[in-house]
Amino acid sequence: MLRYRSESQYLTHINRGGTYCIGINMTTINVTICGYMTNVKTILLALAIVLMVLVPPVLAMPAATADDEDKYKLKDEWKNKNMVVEQHGELTQVVYFLTEIGDPDANGAQDAYEWDGLKWYSYPVQYTINPATPVKKYALTQTAVVQAVKNSFEAWDGNIGNILFSDSPTVNSKARASMGRPDYKNVVTWGAISDNNVIAMTTIWYYTSNKQIVDTDMVFNTYYKWGIDKDGEDRKYSLPGATFDIQNIGTHEAGHAYGLSDIYDSKYSAMTMYGYASHGEVYKRSLEAGDIAGVRTIY
């Protein structure tokens, strides 16, 4: 038994061979080997106990702070890419990045979609919204933020005649997106993405064999300002600075959660799944013919 007595700063160890005592003060170390223990093994053990007391232990890493929890560091090889795909055994991870473009005219063709075979096999899918950051940083109400995110998913459900994502999501101000591995919680949140060119990103995990989606997370980059257009009718609206509309970007990202991929041909710039966005736009809120055809093909 190893016992620490703080009042006298003594350690006592007892084993089959006898008792040896180590007395420690601020300036000296006194080692007394009691009984008949004089072999090398005993002496080394006594010295080891001295070192355990005198040498400061390596401190454990502190628990992550709230700020740490909101940071999402991308792998170096992910930088400046629109999409990455990595296989991890029976699961594959795909990450979609939405980036900013100047001021598209939104008059492109509306009849295309891109689908790589990903889909949910069972639904409704439960998901969680973390509205804490937009409520704190942008003076939005929790109710408004949650509703904007719900509207983003409902835009797709409304065109397939079914409820793919639950119309009663969980609200949790501590929920966090999982990047390194799936946690099967399907979180929508805000955080500091390490690549400032990324407005938002959606991560999907699916079975490699049949492309069944099992987990999805969505992160809005706090490098940018976020707001909610009051009526959703005007492409340019009155919000301070270069602000992105939550429902506009959310509807695009939700398209990934349903299984659709980005389209980058500028002739399709009017579509929700066009892979670029600009601040002030709201036309991604409403699906175009190609978006609808795509989601109906899947479900």
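For the sequence shown, counting from 1, position 157 maps to 284 in my numbering; every step adds exactly one.
C-beta atoms are modelled at their ideal positions from N, C-alpha and C, and glycine is treated no differently.
Suppose the cutoff is 7 Å on Cβ atoms and the five residues either side in sequence are ignored; what does the same chain contact list for residue i look like?
i           : result
valine 422  : Trp283, Asn286, Ile287, Tyr385, Leu387
lysine 200  : Ser321
glycine 377 : Ala275, Val276, Ser279
Can you grab the Cα-Cα spacing for the pair residue i / residue j, in whole Å?
i              : j              : result
arginine 362   : histidine 379  : Bear in mind that the predicted position of arginine 362 carries a pLDDT of just 47, short of 50, making it too unreliable to give a figure here.
valine 272     : glutamine 374  : 9 Å
threonine 399  : alanine 266    : 27 Å
valine 298     : threonine 268  : 13 Å
proline 296    : tyrosine 254   : 5 Å
lysine 411     : alanine 397    : 8 Å
glycine 417    : tryptophan 332 : 24 Å
glycine 382    : asparagine 278 : 12 Å
asparagine 337 : lysine 394     : 32 Å
tyrosine 334   : glutamate 213  : 12 Å
proline 261    : serine 293     : 22 Å
asparagine 323 : glycine 216    : 30 Å
Run through DSSP, which three-state label would residue i get?
i              : result
threonine 343  : strand
glutamine 220  : strand
histidine 406  : coil
tryptophan 283 : helix
glycine 377    : helix
isoleucine 419 : helix
Between the options, which has its C-alpha nearest residue i's C-alpha?
i              : options                        : result
asparagine 348 : Lys208, Gln374, Gln339, Thr316 : Thr316
alanine 302    : Tyr311, Tyr333, Ala397, Asn257 : Asn257
isoleucine 340 : Val221, Met210, Tyr391, Lys263 : Val221
alanine 420    : His406, Ala327, Tyr240, Asn209 : Tyr240
alanine 327    : Phe371, Lys264, Arg308         : Phe371
methionine 345 : Val212, Tyr223, Glu217         : Tyr223
lysine 264     : Ser413, Trp242, Gly354, Ala369 : Gly354
leucine 291    : Thr329, Pro309, Ser249         : Ser249
tyrosine 350   : His215, Thr330, Val325         : Val325
Buried or exposed for residue i, going by 16 or more other Cβ atoms inside 10 Å?
i             : result
threonine 343 : buried
glutamate 204 : exposed
glycine 145   : Note that glycine 145 scores a pLDDT of 42, beneath 50, so its modelled location is shaky; the value from the coordinates is reported in the next line. Glycine 145 is exposed by the Cβ-count criterion.
Grab me the residues of residue i's own chain with a C-beta within less than 8 Å of its C-beta, minus the 5 sequence neighbours each way, in chain order.
i          : result
serine 300 : Asn257, Pro258, Ala259
What residues in its chain sit with their C-beta under 6 Å from that of residue i, if we drop five residues either side in the sequence?
i              : result
aspartate 238  : Ala416, Gly417
valine 182     : Low per-residue confidence applies at valine 182: pLDDT is 32, beneath 50, and the placement is therefore not dependable enough to give any value.
isoleucine 425 : Lys246, Gly386
serine 413     : none
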